[in-house]
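Numbering (the numbering used here), first residue to last: 1 to 350. In this text, a Cβ means the ideal position worked out from N, Cα and C, and glycines have one as well. Quick caveat, the model's predicted, so the values are computed rather than measured. Below you'll find the structure, written out as structure tokens, and then a few comments.
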Ligand code: SAH
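Here's what the structure looks like:
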């Protein structure tokens with residue numbers, strides 16, 4: 001059997017070729033694109049201005065909606081977490097966070113992850129596969145459709161390493177910010193990477209205006225290697241050079257994420273080291289109190305240690321915030337909900 005086409009993975013030009021090949025007039029492509037990427041409909045039958053024959057042909061050969069919500073958890077602070085099922089039965093997670101300035105959606109870029117960060121829940125079980133552009137888009141569309149709320153910001157910080165799914169993620173960013181679709185400004189899109197330098201260099205050449213976030217988590221390679229296996233491949237100095245290059249090329253400020261693990265990376269000594277490392281750079285540091293995951297590395301730093309750490313950075317004129325914790329009562333650490341689903345599927349507790 002021939003594999004079905006993920007229709008939403010076709011960009012504006014590719015969809016034109018597709019409709020032409022299907023023997024349809026050129027303007028049908030525009031109508032189809034709008035139904036999918038603006039009206040966000042989830043069935044071909046709703047596309048009332050397309051002929052019945054064309055709709056039937058699409059139904060037979062194409063996947064329209066490639067991520068369906070199978071579980072939704074609503075936190076007391078208004079954060080919504082979605083467990084979504086893909087067309088091949090794999091599961092991923094997406095999160096909606098409501099802020100005064102708008103609604104942010106955090107999406108997954110892969111089913112599983114092969115980066116192996118020791119504190120992270122998403123990497124348990126390794127990488128299953130990368131997600132298609134349609135599966136990336138559908139996480140945003142599904143949430144906007146279900147909640148009826150306009151999504152203004154998208155962050156690629158869920159399960160997976162976005163730069164390990166480079167081509168699909170680039171296509172997704174371009175389609176998400178396309179005027180024919182949801183038209184979300186690239187300035188409101190943040191991509192978070194564990195620091196794959198080669199791909200970061202490539203990203204700097206893409207002429208995008210997205211925000212780059214780098215998961216640093218340590219001020220030196222010794223500590224970083226204990227937390228993140230990828231640190232064996234790319235030393236911090238190379239990451240810094242690559243960030244400076246990104247800032248030069250794009251004029252955008254880089255964000256550094258720093259998950260705080262008790263007794264590992266949270267002492268005043270590390271705060272000082274981090275300050276020297278980032279001195280004079282156009283950047284922002286986001287301190288994230290660790291979300292401890294059962295069976296994974298580390299406990300959360302004490303609140304006063306985080307405060308002292310922050311003060312030291314501030315004294316060194318480094319922009320820093322402590323990430324507001326949202327949705328802790330609903331397994332907000334990425335990968336936790338999916339892991340429960342996997343355990344249940346294996347006949348273990350849910
Ligand atoms: N692979 C990408 C994006 C996904 S992880 C990356 O590494 O950046 C999103 C962020 O959450 C990363 O900074 C990651 O290191 C951090 N993170 C993962 N598990 C965490 C946990 N249990 N507690 C706190 N932060 C965590």
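Run the CB neighbour count on residue 349, radius 10 Å, all protein chains shown included, and call it buried at 16 or more, exposed below.
As a working mapping, residue 349 is identified with position 349 in the chain shown. Note that residue 349 scores a pLDDT of 34, beneath 50, so its modelled location is shaky; the value from the coordinates is reported in the next line. Burial call: exposed.
Do the segment 252 to 259 and the segment 209 to 216 make contact, defined as three or more Cβ pairs closer than 8 Å?
yes
Beta strand (DSSP E) runs wholly inside the segment 25 to 67, at least 3 long, in chain order
none
Would you kindly report the start and end of the unbroken beta strand (DSSP E) that includes residue 258?
Numbered from 1 along the chain shown, position 258 holds the residue referred to as residue 258. If you look at residue 258, you'll find it in the beta strand (DSSP E) that goes 254 to 260.
Can you tell me whether residue 234 is helix, strand or coil according to DSSP?
By one-based count along the chain shown, residue 234 stands at place 234. Looking at residue 234 - three-state DSSP - the assignment turns out to be coil, as it is neither helix nor strand.
Taking the CB atoms as reference points, tell me whether residue 314 and residue 308 lie closer together than 8 Å.
Taking the chain shown and counting its residues from 1, the one referred to as residue 314 is at position 314. Taking the chain shown and counting its residues from 1, the one referred to as residue 308 is at position 308. Taking 8 Å as the cut-off, the beta carbon of residue 314 is found no closer than this to the beta carbon of residue 308.
Residues sharing a beta bridge with residue 320, DSSP
Here residue 320 is taken as the residue at index 320 of the chain shown, counted from 1. Looking at the DSSP assignment, residue 320 forms a beta bridge with 285.
Counting only the same chain and skipping the five closest in sequence on each side, list residues whose C-beta sits under 6 Å from that of residue 151.
Here residue 151 refers to the residue found at position 151 of the chain shown. Excluding positions up to five away in sequence, the list reads 103, 105, 140 and 144.
Under 7 Å Cβ to Cβ from residue 250, same chain only, skipping five residues before and after it: list those, please.
Along the chain shown, one-based indexing puts residue 250 at 250. Here the set comprises 204 and 209.
Considering only heavy atoms of the ligand SAH, does any lie closer than 7 Å to the CB of residue 301?
Position 301 of the chain shown holds residue 301. No, Cβ of residue 301 sits at least 7 Å from all heavy atoms of the ligand SAH.
If distances are taken between C-alpha atoms only, which option among 236, 174 and 92 comes closest to residue 142?
Here residue 142 refers to the residue found at position 142 of the chain shown. Residue 92 is the option with its Cα nearest to residue 142.
Please classify residue 26 as buried or exposed, where buried requires at least 16 other C-beta atoms within 10 Å of its C-beta.
The sequence position of residue 26 within the chain shown is 26, counting from 1. Its Cβ having fewer than 16 others within 10 Å, residue 26 is exposed.
Just how far apart, CA to CA, sit residue 347 and residue 156?
If you number the chain shown from 1, residue 347 lands on position 347. If you number the chain shown from 1, residue 156 lands on position 156. The predicted position of residue 347 is uncertain, since its pLDDT is 48 and thus under 50; a value taken from the coordinates is nonetheless stated next. Residue 347 and residue 156: Cα-Cα distance of roughly 31 Å.
Whole-angstrom C-beta distance between residue 212 and residue 252, which should lie under 8 Å:
As a position in the chain shown, residue 252 is number 252, starting the count at 1. As a position in the chain shown, residue 212 is number 212, starting the count at 1. Contact between residue 252 and residue 212 holds, with the beta-carbon distance rounding to 7 Å and staying under 8 Å.
Below 8 Å, can you find three or more Cβ-Cβ pairs linking the segment 152 to 171 to the segment 196 to 203?
Verdict: yes, contact present.
Enclosing alpha helix (DSSP H) for residue 172 [first to last residue]
Your numbering for residue 172 matches position 172 in the chain shown. Where residue 172 is concerned, the enclosing alpha helix (DSSP H) stretches over 166 to 176.
If we ignore side chains and look at the alpha-carbon of each, how far apart do residue 119 and residue 224 end up?
Your numbering for residue 119 matches position 119 in the chain shown. Your numbering for residue 224 matches position 224 in the chain shown. If you take the alpha carbons of residue 119 and residue 224, they lie about 12 Å apart.
Cβ distance (whole Å) where residue 242 is taken to contact residue 159 below 8 Å:
Residue numbering aside, residue 242 sits at position 242 when the chain shown is read from its first letter. Residue numbering aside, residue 159 sits at position 159 when the chain shown is read from its first letter. Their Cβ separation, rounded to whole angstroms, is 24 Å, which puts residue 242 and residue 159 out of contact at 8 Å.
Just to confirm the assignment: which complete alpha helix (DSSP H) runs, minimum length 4, are found wholly within the segment 191 to 222?
197 to 204
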